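Student: Take this structure first; my questions come after.
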Amino acid sequence: MSRKQRRSWQEKLMNDNDLPKVVKITGKMSKKWGTGTVVIPAPREVVFLVLGHNANQGDW
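Residue numbering for the sequence shown follows the working numbering, starting at 1261 and increasing by one per position.
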């Protein structure tokens, strides 16, 4: 039986998983966020905004 090798958090950060995407606000979300839509950013975009450089540079 083979086990999957665990991915590091840097590898997980580089996986965009169809992000960014725009989602309609529905159900329980509307209490906190109101009505309309919300954008879910890709993780590497958040890193760029927080650190001010490309996430691929590896200068964490």
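Here a beta-carbon is modelled for each residue, glycine too, at the ideal position from N, C-alpha and C.
Computed from a predicted structure; not experimentally measured.
Keeping to the same chain, check which residues put their C-beta closer than 7 Å to that of residue 1296; ignore five residues upstream and five downstream.
Tutor: 1285
Student: What is the DSSP secondary structure of residue 1281, reduced to helix, strand or coil?
Tutor: strand
Student: Taking the alpha-carbon positions, what's the residue 1272 to residue 1292 distance?
Tutor: 28 Å
Student: Spell out the partners DSSP gives residue 1299 in its beta bridges.
Tutor: DSSP lists 1282 as partners of residue 1299.
Student: Since residue 1292 is in the alpha helix (DSSP H), which residue starts that stretch and which ends it?
Tutor: 1289 to 1293
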